[in-house]
Structure formats: C-alpha cells, structure tokens
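Okay, so here's the structure we're looking at.
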Amino acid sequence: MCIFCKIVAGEIPAYTIYEDASVLAFLDISQVTKGHTLVIPKTHVPNIYAMRPDVAEGVFKALPNVASAIKDAFNPIGLNLINNNDQPLQSVFHLHFHLLPRYPDDGIHIGLEKATPNISKDTYEAIQSDIIQHLKNES
Ligand SMILES: [Zn+2]
Numbered sequence: 000m001c002i003f004c005k006i007v008a009g010e011i012p013a014y015t016i017y018e019d020a021s022v023l024a025f026l027d028i029s030q031v032t033k034g035h036t037l038v039i040p041k042t043h044v045p046n047i048y049a050m051r052p053d054v055a056e057g058v059f060k061a062l063p064n065v066a067s068a069i070k071d072a073f074n075p076i077g078l079n080l081i082n083n084n085d086q087p088l089q090s091v092f093h094l095h096f097h098l099l100p101r102y103p104d105d106g107i108h109i110g111l112e113k114a115t116p117n118i119s120k121d122t123y124e125a126i127q128s129d130i131i132q133h134l135k136n137e138s
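Residues in the sequence shown are numbered consecutively from 0, following numbering that gives the first Met the number 0.
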C-alpha cells in the first residue's frame, strides 16, 4: 500500500483539510509555502494517465473549494496548481495535486517562458496533429 493510501486508510496521520467520499485534502508535510496542500483521489491512481473521468470529477469538484479556503485563510498573492507525473518529478506514485499558495518574495520560480522562438505555422500544426491523433473518446 502506498503512503497516500495509508493516509486515506488512517494508518498514517495527516493534517486533513477536506474529505468527502472520493477525495482527501491534507497539508503537504514539506509546507513549501504556508498552506501548501495536497488534493488526492481516495482510490489509488498512479498518475494522470490512469485517471478516469469519474475520479477526475471528484477531484476537480473539490479543488476550487480547498483553493478558495487557502486563499481566504492566508491572503496569498496567487496560487499554483501543480501536478507532476512520472520520474523524476513525481515522488509519490499516487496521483496528487499540489495547491501552492504564493507570497511576496517566497523565492519560488515557476517559469513557462517561450523556449523556442519563431515557431512556424507548420510546426504548430504538426504538434497539434501529433497530439489530437492520440485522443481517446471517453466521457
Ligand atoms: Zn495509493
């Protein structure tokens, strides 16, 4: 049983923020910033690729409520929603979403600067096509 499944089962203590039938939210033990919270499905799902729509529905219904509570509690200047999949970025292989409130001078840099200048229309369309052809029809 993975460490997050043990938290869900009550075998390991956690600072629970929110719980319903399918979702658990608890403080990340590292507290990268004040209020750093993890939102997880109670069922073991290793990563986003294995997340079925019913699991997504539960998680994404809970996320705005928990995010808003963090915002109201600590008045951050912003909040990052972060989900890491696969090594080396994912450390616990039970799907989880970080709610990371941000504060002035918190020293964290998450940059999504444009890495490739002057991308052609053909290149955009090739990338678009490469992804679309792998979409599955599921609801
Ligand atoms: Zn698990």
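The C-beta atom is built at its ideal place from N, Cα and C for all residues, glycine as well. Given the structure is predicted, the values throughout are model-derived calculations rather than measurements.
Here residue 39 is bridged, per DSSP, to 23. When secondary structure is reduced to three states using DSSP, residue 99 falls in the strand class.
A contact is defined here as three or more CB-CB pairs under 8 Å, and the segment 111-119 fails this definition with respect to the segment 72-88. Note on residue 63: under 16 other CB atoms within 10 angstroms of its CB, so exposed under the neighbour-count rule. Beta bridge pairing from DSSP links residue 17 with 24. Distances from the CB of residue 93 to the heavy atoms of ligand 1 include at least one below 6 Å.
Considering only 122, 51 and 92, the residue with the shortest C-alpha distance to residue 0 is 92.
If you check the CB distance, residue 51 and residue 76 do not come in under 7 Å. Remark: the C-beta of residue 35 is outside contact range of ligand 1, defined as less than 6 Å to any heavy atom. The continuous alpha helix (DSSP H) containing residue 57 extends over residues 52-73.
With a threshold of 6 Å, the Cβ atom of residue 133 does not count as near ligand 1, since no heavy atom of the ligand is closer than that.
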